[in-house]
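Written below as structure tokens is the structure these notes are about.
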Amino acid sequence: MKLRTFYKIYYEHRYKKANLILKLYILLLIPIKYFINLIYLPKIINLDNYVDRFGLDETTDLSKLFDFFNSDKGNQFENQYAHPSKRTRKKIKGHGYSDFYQKYFENLKSNNLNILEIGSFHGNASAALFFYFKNSKIFAADIYPDLFRYKSNRIESFYVNSADENSIQKNIIDKFSNNFDIIIEDAGHFFKDQIISLFMLFKKLNSGGFFIIEELDFPDTRQDMNLQNEKPTLREILLKFKDEKILLNSKYIKKNDRDNFLDNIDSIEIYKGNFNEIAILKKK
């Protein structure tokens, strides 16, 4: 974890709101806190050499894998978003998306797939997918790739800013010649980010592939995810198309991406997890 990453995640919002004296205090405090937290940061695990004492290689239960690797996609997890030095072993309720994933992935788990996860953070979900999809390659994208705590010949971790169309173009669309079989969008969940990620990357999805948007309803239910209260949200766009086959206009959807989506979308399903919604789209 880089010093800049530590600042951006844990202190930037405080620094921007602080008065001059408090800003000076924060600047003095950050290096000390940073080095303390480095001690508690989980070590990088090489999954290719992982000694499996828990039956992970044999399990077909994605819920078990999400919970084991402490992913909030599962039913319970230790808070991975707190300062490393402040984390406890206390379990809190997860999003509960496991059953939805299992429903769609069960018949695919032995296939040779390319799986892209946007918003990988520490890589806990990527590690779970590594054991579930034993013949697949995992591509883990994040704005802070230095946080990623796993490595493998089947995992590639890299930078992307899902709020920036140029970054998506350069770091995903132009970078990878092959398309993906599964794309999981679990990044910032902001209003604009959700829309541009789906419509820009839908063309990078193979035929029959799945595009998944977690916390679909964040821009509809959280003001900090849609500060200008813009419309339509991605949730509104998907529901309108699902119910009436009408694709609402948005200034964040380019014409060629819109046409590609209309020509290739097969189905849209929206489910409610423990707290929020998850959308699962299938390509023709």
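Quick note on our numbering: the sequence shown kicks off at -11 and runs consecutively.
The beta carbon of each residue, even a glycine, is placed where N, CA and C say it ideally should be.
- The Cβ-Cβ distance between Phe54 and Gly62 falls below 8 Å.
- If you compare the alpha carbons of Gly261, Lys74 and Lys191 with that of Asp245, the shortest gap goes to Lys191.
- Runs of alpha helix (DSSP H) with 4 or more residues, each lying fully within the segment 80 to 167, are found at 86 to 93, 112 to 120 and 153 to 156, listed in chain order.
- With contacts defined as CB atoms closer than 8 Å, Ala116 and Leu29 fail to qualify as a contacting pair.
- Rounded to whole angstroms, Leu236 and Asp36 show a C-alpha spacing of 45 Å.
- Taking a 10 Å sphere around the C-beta of Ala70, we find fewer than 16 other C-beta atoms and assign the residue as exposed.
- The beta carbons of Asp205 and Arg223 sit about 6 Å from each other, so the pair counts as a contact at 8 Å.
- Bounds of any alpha helix (DSSP H) do not take in Glu218, whose DSSP letter is neither H nor E.
- Put simply, the backbone Cα of Met(-11) is about 22 Å away from that of Tyr13.
- Here Tyr85 is buried. Its C-beta has 16 or more other C-beta atoms within 10 Å.
- Of the residues assessed, Tyr3 falls on the exposed side of the cut-off, its CB having fewer than 16 other CB atoms within 10 angstroms.
- Counting every other CB atom within 10 Å of its CB across the protein chains shown gives Gln216 a total below 16, marking it as exposed.
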